[in-house]
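Working notes, structure below.
Residue numbers (our numbering): 239 to 528.
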């Protein structure tokens with residue numbers, strides 16, 4: 239595994255790893271600077287109704303949790319003229335600014351009420367707030383009522399998207415992992431869409447998102463992606479930023495935040511009971527489970 243190999247190299251003091259200084263690399267002629275942020279920011283209008291969010295004037299709060307998207311959120315707010323506040327722009331490799339998770343560990347888990355305590359304390363200051371894990375493939379949605387259960391938001395997102403993306407074909411399906419909530423099954427059935435249930439792991443959604451046969455792919459650990467407005471692929475991996483902005487679109491377009499939408503779904507279809515536990519596992523155990 240990459241992680242095991244990387245840790246072994248670090249433990250060995252990086253012996254045998256060929257290194258070059260940044261200045262030497264830049265002067266070599268083999269490296270050039272490319273702005274990857276702006277094309278992403280501009281492309282968001284192809285997948286999320288950014289105009290609706292801007293027009294609604296929503297007050298949005300974002301806690302980047304010290305991750306890779308800090309500069310992205312700044313550019314997004316500037317480019318689309320959003321009323322968006324970064325509540326914490328600290329970058330610290332120790333992540334000492336984090337609130338401890340329920341087991342006392344520092345964990346940048348945007349689906350954990352403990353880790354998200356800082357943003358939750360500010361929830362009354364915003365119409366909607368969100369956070370992402372450091373590599374930005376997961377999302378945490380905070381409404382004035384609190385932190386949304388990841389499964390609840392997936393159900394809301396699916397219900398909204400398949401009623402507000404008219405260019406998606408009628409045969410476009412929904413992908414979910416087998417441990418995701420039964421609420422998703424009920425929503426998809428009500429929408430008259432095909433549901434494809436896959437084993438745990440976002441890799442099972444890649445082909446469907448790439449060829450457009452999946453309009454949405456989501457997993458219970460707060461990771462998801464979906465198609466552009468025109469039904470073409472955006473990403474074959476999880477994208478935490480678009481899921482956060484989708485929550486803002488839902489609120490802007492419908493006048494109700496995602497938690498309010500989930501409450502309506504629960505009133506219609508019942509409220510499934512759900513809990514998620516984390517436990518350590520060896521490489522062999524992980525292989526057996528996958």
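Note that the Cβ used here is the ideal one computed from N, Cα and C, for glycine as well.
Residue 431 versus residue 527: straight-line alpha-carbon distance, rounded:
Here residue 431 refers to the residue found at position 193 when the chain shown is read from its first residue. Here residue 527 refers to the residue found at position 289 when the chain shown is read from its first residue. In a straight line, the C-alpha of residue 431 is about 29 Å away from that of residue 527.
Following the continuous beta strand (DSSP E) through residue 414, name the residue where it begins and the one where it ends.
Stepping through the chain shown from its first residue, residue 414 is reached at position 176. Looking at the DSSP string, the run of the beta strand (DSSP E) that includes residue 414 is 411-415.
Measuring CA to CA, which of 346, 345 and 304 is closest to residue 326?
In the chain shown, residue 326 corresponds to position 88, counting from 1. Selected option, being the one with the closest Cα: 304.
Using the beta-carbon count (16 or more within 10 Å), is residue 316 buried or exposed?
By one-based count along the chain shown, residue 316 stands at place 78. With fewer than 16 Cβ atoms within 10 Å of its Cβ, residue 316 is classed as exposed.
Chain-order list of residues whose beta-carbon lies under 6 Å from that of residue 448 (same chain, five-residue window excluded)
Position 210 of the chain shown, counted from the first residue, corresponds to residue 448. Cβ neighbours of residue 448 beyond the five flanking positions: 471 and 474.
Quick one, which of 279, 508 and 454 has its alpha-carbon nearest residue 406's?
Residue 406 sits at position 168 when you count from the first residue of the chain shown. Minimum Cα distance to residue 406 is reached at 454.
Any beta carbon from chain D within less than 8 Å of residue 414's own beta carbon?
In the structure shown, chain D cannot be found, because there is only a single protein chain.
Note down the Cα distance separating residue 476 from residue 443, rounded to an integer number of angstroms.
Position 238 of the chain shown, counted from the start, is the residue given in the question as residue 476. Position 205 of the chain shown, counted from the start, is the residue given in the question as residue 443. So the two alpha carbons sit approximately 10 Å from each other.
Might you give, ordered along the chain, the residues of its own chain that have their beta carbon closer than 8 Å to the beta carbon of residue 293, omitting 5 neighbours on each side?
Here residue 293 is taken as the residue at index 55 of the chain shown, counted from 1. The residues are 490.
For residue 301, which beta-bridge partners are listed by DSSP?
Position 63 of the chain shown, counting from 1, holds the residue named residue 301. Its beta-bridge partners are 369.
Collapsed DSSP secondary structure at residue 464 in the structure displayed
For this step, residue 464 is matched to residue 226 along the chain shown. The answer is strand: DSSP assigns residue 464 an E or B state.
Is it buried or exposed, residue 268, if we count other Cβ atoms within 10 angstroms and call 16 or more buried?
In the chain shown, counting from the first residue as 1, residue 268 sits at position 30. It counts as exposed.
Grouping DSSP H, G and I as helix and E and B as strand, with all else coil, what is residue 487?
Stepping through the chain shown from its first residue, residue 487 is reached at position 249. Of the three classes helix, strand and coil, the one that applies to residue 487 here is helix, per DSSP.
Residue of 414, 420, 425 and 451 minimising C-alpha distance to residue 438:
Taking the chain shown and counting its residues from 1, one reaches residue 438 at position 200. Comparing Cα positions, the closest option is 414.
What residues in its chain sit with their C-beta under 6 Å from that of residue 318, if we drop five residues either side in the sequence?
If you number the chain shown from 1, residue 318 lands on position 80. 288 and 292, listed in sequence order.
Out of 379, 345 and 391, which has the shortest C-alpha to C-alpha gap to residue 516?
As a working mapping, residue 516 is identified with position 278 in the chain shown. Checked all of 379, 345 and 391; the closest Cα to residue 516 is 345.
Roughly how many whole angstroms lie between the Cα atoms of residue 307 and residue 395?
In the chain shown, the residue the question calls residue 307 occupies position 69. In the chain shown, the residue the question calls residue 395 occupies position 157. Answer to the nearest angstrom: the Cα atoms are 22 Å apart.
For the alpha helix (DSSP H) that residue 446 lies in, which residues bound it at each end?
Taking the first residue of the chain shown as 1, we reach residue 446 at position 208. In the DSSP assignment, residue 446 falls within the alpha helix (DSSP H) that extends over 444-449.
Are there three or more Cβ pairs, one per stretch, closer than 8 Å when the region 345-355 is compared with the region 377-387?
yes
Of all the beta strand (DSSP E) runs that stay within the bounds of the region 281-350, which reach a length of 3 or more residues?
Runs of the beta strand (DSSP E) lying entirely within the region 281-350 and spanning at least 3 residues, in chain order: 297-301 and 321-324.
Could you check whether residue 360 and residue 369 sit closer than 8 Å to each other, using their CB atoms as the reference points?
Stepping through the chain shown from its first residue, residue 369 is reached at position 131. Stepping through the chain shown from its first residue, residue 360 is reached at position 122. No, the Cβ-Cβ distance between residue 369 and residue 360 is not below 8 Å.
Along the chain, where does the beta strand (DSSP E) containing residue 453 start, and where does it finish?
Within the chain shown, numbered from 1, the residue matching residue 453 stands at position 215. 452-457 is the span of the beta strand (DSSP E), which, as asked, contains residue 453.
I believe residue 230 touches residue 510 by the beta-carbon criterion, under 8 Å. Please report the beta-carbon distance rounded to the nearest angstrom.
Outside the displayed range of the chain (239 to 528) lies residue 230, so it cannot be described from this structure.
Have a look at residue 332 and residue 263 and give me their C-alpha separation to the nearest angstrom.
The residue given as residue 332 occupies position 94 in the chain shown. The residue given as residue 263 occupies position 25 in the chain shown. Spanning the two alpha carbons is a distance of roughly 27 Å.
For residue 360, write down the residues that DSSP places opposite it in a beta bridge.
Within the chain shown, numbered from 1, the residue matching residue 360 stands at position 122. In DSSP, residue 360 forms no bridge with anything.
I'd like to confirm the pairing. Which residues does DSSP put opposite residue 385 in its beta bridges?
On the chain shown, position 147 is the one that residue 385 refers to. In DSSP, residue 385 forms a bridge with 380.
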